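Chemist:
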Amino acid sequence: MTNASGTVASLAGAVKRYGALTALDGLDLMLHRGELVALLGPNGAGKSTTIGLLLGLIRADAGRVELFGQEPQRIDARRRVGVMLQSAMLPATLSVGELLRQAMSYYPSPRPLQESAELAGITDLLQRRYAQLSGGQQRRVQFAVALCGRPELLFLDEPTVGMDIDARQKLWAAIRRLVAEGCAVVLTTHYLEEAEALAQRVVVLAKGRVISDGSVEALRSYVPLTRIRCLTDLDPLAIARWPNVAEVTREQGCLQIRTEAPEQVLRRLLDADLGLSGLEVSRAGLAEAFAELTRADAPQQEVA
């Protein structure tokens, strides 16, 4: 974890209410240089409000919010930030090159146009009108606009929506490059495999509070079960009665077993069925850990 001198933004005891609704309830969060933080939570958890406070779009009712040691409304702080929102309204009649030049003009030391285009994978789109692009191409242009100002803090809200697999992988590579250069990145996404692939740190919100803050690995360890998948004629009901078996299901011909003692269960499986095939063993994924954490009755937990 980066020390305090590397902090680019922070919330301390932040409270935000909308009438009778408390969107943030004393939220604490610190963002550091060169760190990609996945900000996750169910709908209504407070993610949008958190980002709105850090961007200076709204003000907290209580607590402290800082962006580069200043109030987020200060223009010199906001110029150090890049934003890619889930929905963006860019001038449809401008070409991609014109959009980038326009965005670059707002910053004191922007990236060269060609460099921004290459990072976002849009060099072949510079002469085309924005309105003529597909949804995935428009998202790549929005990414280029977000990074063209050479931001020190970059907010990415569902950045790969509408992209095919190849475009998504290229965007991931560009994000990793920005982080390696020292940029802090805050990622919100419903693709939990995206958070698992990119994030150094995962912050989970629920009901306006942080319920988990730690590495992907630490969050995954919150669910101690290992998943075993295989093709076998063994009776699932009989396996469910074995020691250390938590759950057994059969999906599309595959037997799926969840267990806290995978080695013991594997040995018994192989002894019981010499013809067993298609064996796969995997730990709980981020999606399972997220689901477990955000259940209504889940206890508050911090992971290191």
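Using the numbering used here, the final residue of the sequence shown is 316, and nothing's skipped along the way. Note that the Cβ used here is the ideal one computed from N, Cα and C, for glycine as well. Everything numeric in this text was worked out from a predicted model, so none of it was measured.
Nearest to Tyr234 by CA position, among Arg92, Glu304, Gly220 and Leu51, is which residue?
Modeler: For the purposes of this step, residue 234 is taken as the residue at position 222 of the sequence shown. Closest by alpha carbon: Glu304.
Chemist: How many angstroms separate the CA atom of Gly194 from the CA atom of Ser289?
Modeler: One-based indexing of the sequence shown puts residue 194 at position 182. One-based indexing of the sequence shown puts residue 289 at position 277. Their backbone Cα atoms lie some 46 Å apart in a straight line.
Chemist: To the nearest whole angstrom, what separates the beta carbons of Ser99 and Arg140, a pair I think is in contact under 8 Å?
Modeler: Within the sequence shown, residue 99 is the residue found at index 87, counting from 1. Within the sequence shown, residue 140 is the residue found at index 128, counting from 1. Not a contact, Cβ separation roughly 21 Å.
Chemist: Identify which residue in Ala299, Gly56 and Leu278 has its Cα closest to the Cα of Thr244.
Modeler: The residue labelled residue 244 in the question sits at position 232 within the sequence shown. Out of Ala299, Gly56 and Leu278, Leu278 has the C-alpha closest to the C-alpha of Thr244.
Chemist: Among the candidates Asp178, Leu237 and Arg123, whose CA atom is the shortest distance from the CA of Ala158?
Modeler: Counted from its first residue, the sequence shown places residue 158 at position 146. Ranking the options by Cα distance to Ala158, first place goes to Arg123.
Chemist: For the beta strand (DSSP E) containing Glu78, name the first residue and the last one.
Modeler: For this step, residue 78 is matched to residue 66 along the sequence shown. Element bounds for Glu78: Ala74 to Leu79.
Chemist: Are the beta-carbon atoms of Arg241 and Glu292 separated by less than 8 Å?
Modeler: As a position in the sequence shown, residue 241 is number 229, starting the count at 1. As a position in the sequence shown, residue 292 is number 280, starting the count at 1. Result yes, Cβ atoms of Arg241 and Glu292 sit closer than 8 Å.
Chemist: So Asp37 and Gly220 are supposed to be a Cβ contact under 8 Å. How far apart are they, rounded?
Modeler: The residue you call residue 37 lines up with position 25 of the sequence shown. The residue you call residue 220 lines up with position 208 of the sequence shown. Right, their Cβ atoms sit about 4 Å apart.
Chemist: For Ala115, which residues of its own chain have a beta-carbon under 6 Å away from its beta-carbon, when the five flanking residues on both sides are left out?
Modeler: As a first step, residue 115 is located in the sequence shown; it is residue number 103 there, counting from the start. Cβ neighbours of Ala115 beyond the five flanking positions: Val157 and Cys160.
Chemist: I want to know whether the region 164–172 touches the region 88–95 - three or more CB-CB distances under 8 Å.
Modeler: Verdict: yes, contact present.
Chemist: Take the Cβ of Tyr30 as the centre, count every other Cβ of all protein chains shown within 10 Å, and call the residue buried at 16 or more, exposed below.
Modeler: As a working mapping, residue 30 is identified with position 18 in the sequence shown. Tyr30 comes out exposed.
Chemist: Please name the residue in Arg189, Glu110, Ala185 and Thr19 whose C-alpha comes closest to that of Leu66.
Modeler: Residue mapping note: residue 66 aligns to position 54 of the sequence shown, counting from 1. Nearest option by C-alpha distance: Thr19.
Chemist: Helix, strand or coil for Tyr30 per DSSP?
Modeler: Counting from 1 along the sequence shown, the entry for residue 30 is found at position 18. Correct three-state label for Tyr30: strand.
Chemist: Would you tell me roughly how many angstroms separate the C-alpha atoms of Val315 and Gly109, rounded to the nearest one?
Modeler: As a first step, residue 315 is located in the sequence shown; it is residue number 303 there, counting from the start. As a first step, residue 109 is located in the sequence shown; it is residue number 97 there, counting from the start. Any reading at Val315 is ruled out, since the residue's pLDDT is 43, under 50, leaving its predicted position unreliable.
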